[in-house]
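In order, the protein sequence lines correspond to chains C and S. For the first sequence, the working numbering begins at 37 and goes up steadily by one. For the second sequence, the working numbering begins at 69 and goes up steadily by one. From the three backbone atoms N, C-alpha and C, an ideal C-beta is built for every residue, glycine too. Here's the structure, in structure tokens; my notes come after.
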Amino acid sequence: MELDELRNSWKGAGTDIQPRQRSIGELLRHQDQGPLARLKRRFRKSMIVIPALALILLTEFRHQQSFIYTLLKYYLLAFCFFMELYFIYNYRLLGQMQEMNGNVKETLKRQVALLRKGLFWRLVISRSMVALFFILLEMLFVFHVDAGLQDWHQKPLFLRIVLYGAFFLFFWVLTRVATYRRYKRHINDLEELVKEMDE
Amino acid sequence: MFSDGFVTNDRKLRLTGKTISLVKETTELQFEKAIKTHERLLFKVCWMYARTQTDRDDLYQEIVLQLWHSYPRFRGDAQFSTWLYRVALNTAISGKRRQKDLTVSYEPDKLPVLSETLLPDESDELNRLYAAISRLNEIEKALVMLYLDDHSYDEMESIMGISSGALRVKMNRIKEKLRQLTKNND
């Protein structure tokens with residue numbers, strides 16, 4: 037049978053393949069239960085939780101004047117700040133991804149670009165936080181702070197750098213594998229479709 | 069005097085609130101009516117892109133919510149069905165990450181209704197053709213759907229964003245691919 041012969045049968049199709057939930061009014065009343073709405077809610081919650089966490093940290097560390105606590109406080113505050121930026125960015129990204137009025141090719145291209153950008157910042161932030169943590173450890177040594185890390189700081193600088201590098205490499209690969217499994221494969225699939233449309 | 073002004077403002081606010089909710093209700097009813105008219109189109113998209121009944125239900129919900137979200141920006145410069153197809157296909161294609169195995173997205177017992185004029189042998193062939201279509205990729209599926217729904221190449225271009233010349237070439241390739249796939253299914 038040829039594709040053209042399927043036309044009549046296809047035109048009559050529809051009633052037997054309908055979804056169980058057909059009431060549009062009902063769906064609209066429960067629009068906060070959709071997957072995107074759930075994701076948006078999660079981001080909104082995180083956007084509220086992060087400043088609250090930063091406030092708790094500031095309150096907890098307000099009487100601690102030692103260098104280690106000050107350093108730790110600023111590290112955690114920087115972490116909160118970047119996480120907050122990340123959640124705001126993702127929230128806006130999700131809003132942009134919901135724009136689907138354009139044609140399929142244009143929308144797919146835009147989605148791929150947005151997803152790539154989102155993924156790039158996710159990796160930059162997570163890797164920067166690890167690098168910042170290593171810098172923090174070394175600063176404790178430079179400023180002769182007693183933070184219970186004497187054993188670590190007694191090791192030769194070269195060895196420390198090698199170990200930092202090894203851990204960073206491990207983290208790099210881990211985040212790469214994790215993002216590939218969660219996002220990159222999907223982005224690659226979408227890119228394949230775009231390429232096919234360009235052919 | 070202050071009190072009078074306050075009451076007037078309050079009444080104005082209440083009236084504005086009522087007007088807004090009335091406009092919202094009217095828009096919702098308009099939207100519902102428009103979707104109802106084209107619901108078969110949505111069912112077909114769900115059938116084509118989702119594997120199980122649960123997936124189909126989820127995709128239908130997702131498409132309807134996406135349409136509702138995009139509805140205020142529908143300016144009427146395209147036909148309603150063209151816009152509907154655009155949003156539905158965009159939602160289905162970009163949401164494909166949730167389905168792991170897309171090559172088996174066909175259930176023999178859930179095929180679209182068959183024409184009563186078909187002979188038993190023909191319905192077998194039809195099943196094979198549906199099985200072959202389910203093995204196409206997302207873009208090819210969309211093209212087949214638009215083709216089967218009798219859309220002109222210009223309309224297909226407006227929905228897909230592929231030039232009509234390229235669409236003609238692609239449709240010929242798809243037909244050939246389907247021929248091969250149905251042969252292999254024999």
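(request) May I have a chain-ordered list of the alpha helix (DSSP H) segments no shorter than 4 residues that lie completely inside the segment 58-112 of chain C? (result) Every unbroken stretch of the alpha helix (DSSP H) spanning 4 or more residues and falling wholly within the segment 58-112 of chain C is given here in chain order: 60-65 and 71-96.
(message) For C/LEU91 and C/LYS191, I'd like the C-alpha separation in whole angstroms.
(response) Reading the first sequence from its first residue, position 55 is the one you call residue 91 of chain C. Reading the first sequence from its first residue, position 155 is the one you call residue 191 of chain C. Spanning the alpha carbons of C/LEU91 and C/LYS191 requires a straight line of approximately 36 Å.
(request) Taking 8 Å as the cut-off, decide whether the C-beta atoms of C/GLU120 and C/MET83 are in contact. (result) Residue numbering aside, residue 120 of chain C sits at position 84 when the first sequence is read from its first letter. Residue numbering aside, residue 83 of chain C sits at position 47 when the first sequence is read from its first letter. Taking 8 Å as the Cβ cut-off, C/GLU120 and C/MET83 qualify as a contacting pair.
(message) I'd like the list of long-range same chain contacts for C/LYS153, defined as Cβ closer than 8 Å, with 5 residues on each side in sequence excluded.
(response) Within the first sequence, the letter at position 117 stands for residue 153 of chain C. Result list for C/LYS153: LEU129, in chain order.
(message) For C/LEU185, which residues in the same chain have their Cβ closer than 8 Å to its Cβ, ignoring the five residues on either side in sequence?
(response) Working through the first sequence from its first residue, we reach residue 185 of chain C at position 149. Cβ neighbours of C/LEU185 within its own chain (closer than 8 Å, five residues either side excluded): LEU173, LEU176 and PHE177.
(message) Distance check for S/LEU211 and S/ARG236, CA to CA, integer angstroms please.
(response) In the second sequence, counting from the first residue as 1, residue 236 of chain S sits at position 168. In the second sequence, counting from the first residue as 1, residue 211 of chain S sits at position 143. The straight-line gap separating the alpha-carbon atoms of S/ARG236 and S/LEU211 is approximately 10 Å.
(message) Can you find the residues in the same chain that come closer than 8 Å, C-beta to C-beta, to C/ILE223, ignoring five residues on each side of it along the sequence?
(response) Start at 1 with the first residue of the first sequence, and residue 223 of chain C comes out as number 187. Excluding sequence positions up to five before and after C/ILE223, its CB lies within less than 8 Å of the CB of VAL148, LEU151, ARG152 and LEU155, all in the same chain and listed in chain order.
(message) Quick check: what's the CA-CA separation for S/ARG247 versus C/ARG146?
(response) Your numbering for residue 247 of chain S matches position 179 in the second sequence. Your numbering for residue 146 of chain C matches position 110 in the first sequence. Spanning the two alpha carbons is a distance of roughly 34 Å.
(message) Could you check whether the segment 106-114 of chain C touches the segment 117-130 of chain S, counting it as contact only if at least three pairs of C-beta atoms, one from each stretch, sit closer than 8 Å?
(response) The segment 106-114 of chain C is not in contact with the segment 117-130 of chain S.
(request) Compare the Cα-Cα distances from C/TYR216 to each of C/ARG158, C/LEU195 and C/ALA88 and report the closest residue. (result) Within the first sequence, numbered from 1, the residue matching residue 216 of chain C stands at position 180. Taking only the C-alpha atoms, the option nearest C/TYR216 is C/ARG158.
(request) Quick one: grab the DSSP three-state call for S/THR120. (result) For the purposes of this step, residue 120 of chain S is identified with residue 52 of the second sequence, where counting begins at 1. Three-state DSSP puts S/THR120 in coil, outside helix and strand.
(message) For S/LEU204 and C/VAL160, I'd like the C-alpha separation in whole angstroms.
(response) Mapped onto the second sequence, residue 204 of chain S falls at position 136. Mapped onto the first sequence, residue 160 of chain C falls at position 124. Their backbone Cα atoms lie some 37 Å apart in a straight line.
(request) Could you tell me how far apart the beta carbons of S/ILE207 and C/MET233 are, in whole angstroms, since I believe they sit closer than 8 Å? (result) Walking along the second sequence from the start, residue 207 of chain S turns up at place 139. Walking along the first sequence from the start, residue 233 of chain C turns up at place 197. Their Cβ separation, rounded to whole angstroms, is 6 Å, which keeps S/ILE207 and C/MET233 in contact under 8 Å.
(message) Counting only beta-carbon separations shorter than 8 Å, does S/TYR215 have a partner in chain C?
(response) As a first step, residue 215 of chain S must be located in the second sequence, where it is residue number 147. Yes, S/TYR215 lies at the interface with chain C (some Cβ there is under 8 Å from its Cβ).
(message) Give me the residue from S/THR159, S/LEU133 and S/GLN147 with the minimum Cα distance to S/GLU96.
(response) Here residue 96 of chain S is taken as the residue at index 28 of the second sequence, counted from 1. If we check each option's Cα against that of S/GLU96, S/LEU133 comes out closest.
(request) Can you tell me which of S/ASP222, S/ILE242 and S/GLU223 puts its alpha carbon nearest to the alpha carbon of S/LEU197? (result) Mapped onto the second sequence, residue 197 of chain S falls at position 129. If you compare the alpha carbons of S/ASP222, S/ILE242 and S/GLU223 with that of S/LEU197, the shortest gap goes to S/ILE242.
(message) On the CB-based measure, 16 or more other CB atoms within 10 Å of its CB, does C/PHE194 come out buried or exposed?
(response) The residue given as residue 194 of chain C occupies position 158 in the first sequence. Flag for C/PHE194 reads exposed.
(message) If I measure Cβ to Cβ from C/LEU93 and keep anything under 6 Å in the same chain, skipping five residues before and after, which residues do I get?
(response) Taking the first sequence and counting its residues from 1, the one referred to as residue 93 of chain C is at position 57. Once the five neighbours on either side are set aside, the close Cβ partners of C/LEU93 are LEU112.
(message) Here's the rule: buried if 16 or more other CB atoms are within 10 angstroms of the residue's CB, otherwise exposed. What is S/ASP222?
(response) What you label residue 222 of chain S is simply residue 154 of the second sequence in a count that begins at 1. By the 10 Å Cβ count, S/ASP222 comes out exposed.
(message) Can you pull the chain C neighbours of S/VAL212, defined as C-beta to C-beta under 8 Å?
(response) Residue numbering aside, residue 212 of chain S sits at position 144 when the second sequence is read from its first letter. Within chain C, the residues near S/VAL212 are LEU39.
(message) Does the CB of S/GLY229 have a neighbour CB from chain C at under 8 Å?
(response) Translated into positions along the second sequence, residue 229 of chain S becomes position 161. S/GLY229 counts as touching chain C.
(request) Kindly indicate if chain S contains any beta-carbon less than 8 Å away from that of C/LYS141. (result) Here the question's residue 141 of chain C lines up with position 105 in the first sequence. Yes, C/LYS141 lies at the interface with chain S (some Cβ there is under 8 Å from its Cβ).
(request) Throw me the rounded Cβ distance for the C/PHE79 and C/ASN139 pair, which I believe falls under 8 Å. (result) If you number the first sequence from 1, residue 79 of chain C lands on position 43. If you number the first sequence from 1, residue 139 of chain C lands on position 103. The Cβ separation is near 28 Å, so there is no contact.
(request) Would you grab the beta carbon distance between C/LEU144 and S/ILE161 for me? Rounded to a whole angstrom, and I think it's under 8 Å. (result) Counted from its first residue, the first sequence places residue 144 of chain C at position 108. Counted from its first residue, the second sequence places residue 161 of chain S at position 93. Confirmed, Cβ separation roughly 7 Å.
(message) Between which two residues does the alpha helix (DSSP H) holding C/ASP187 run?
(response) Mapped onto the first sequence, residue 187 of chain C falls at position 151. Segment 186-190, the alpha helix (DSSP H) holding C/ASP187.
(message) I'd like to know if S/ASN158 contacts chain C, where contact means its C-beta is closer than 8 Å to some C-beta of that chain.
(response) For the purposes of this step, residue 158 of chain S is identified with residue 90 of the second sequence, where counting begins at 1. It does: the Cβ of S/ASN158 has a partner Cβ on chain C nearer than 8 Å.
(request) Consult DSSP for S/LEU157 and reduce its assignment to one of helix, strand or coil. (result) For the purposes of this step, residue 157 of chain S is identified with residue 89 of the second sequence, where counting begins at 1. Judged by DSSP in its simplified three-state form, S/LEU157 adopts helix.
(message) Please tell me whether S/ASP222 has its Cβ less than 8 Å away from any Cβ of chain C.
(response) As a first step, residue 222 of chain S must be located in the second sequence, where it is residue number 154. S/ASP222 does not count as touching chain C.
(message) Within 10 Å of its beta-carbon, does C/SER102 have 16 or more other beta-carbons around it, so buried, or fewer, so exposed?
(response) Stepping through the first sequence from its first residue, residue 102 of chain C is reached at position 66. C/SER102 sits exposed, since fewer than 16 C-beta atoms from the chains shown fall within 10 Å of its C-beta.
(request) Quick one: give me the first and last residue of the alpha helix (DSSP H) that C/LEU226 is part of. (result) As a first step, residue 226 of chain C must be located in the first sequence, where it is residue number 190. For C/LEU226, the enclosing alpha helix (DSSP H) covers residues 221-234.
(message) Since S/ALA224 and S/LEU214 should fall inside the 8 Å C-beta cutoff, what is the C-beta to C-beta distance between them, to a whole number of angstroms?
(response) Looking up residue 224 of chain S in the second sequence gives position 156. Looking up residue 214 of chain S in the second sequence gives position 146. Here residue 224 of chain S turns out to be Met, not Ala, going by the sequence shown. Rounded, the Cβ-Cβ distance is 5 Å, consistent with contact.
(request) Would you verify that the beta carbon of C/GLU23 is, or is not, closer than 8 Å to some beta carbon of chain S? (result) Since the first residue shown for chain C is 37 and the last is 235, residue 23 of chain C is missing from the structure and cannot be characterised.
(message) Can you tell me whether C/MET133 is helix, strand or coil according to DSSP?
(response) Your numbering for residue 133 of chain C matches position 97 in the first sequence. Correct three-state label for C/MET133: helix.
(message) Does the CB of S/TYR174 have a neighbour CB from chain C at under 8 Å?
(response) In the second sequence, counting from the first residue as 1, residue 174 of chain S sits at position 106. Summary for S/TYR174: the model assigns pLDDT 41, below 50, so the residue's position carries little reliability, and this model does not support an answer.
(message) Strictly under 8 Å for the Cβ-Cβ distance: is C/LEU193 near chain S by that measure?
(response) As a working note, residue 193 of chain C is residue 157 in the first sequence. Chain S places no beta carbon closer than 8 Å to that of C/LEU193, leaving this residue out of the contacts.
(message) Within the continuous alpha helix (DSSP H) that includes S/SER226, where are the two ends?
(response) The count along the second sequence starts at 1 and reaches residue 226 of chain S at position 158. Residues 221-228.
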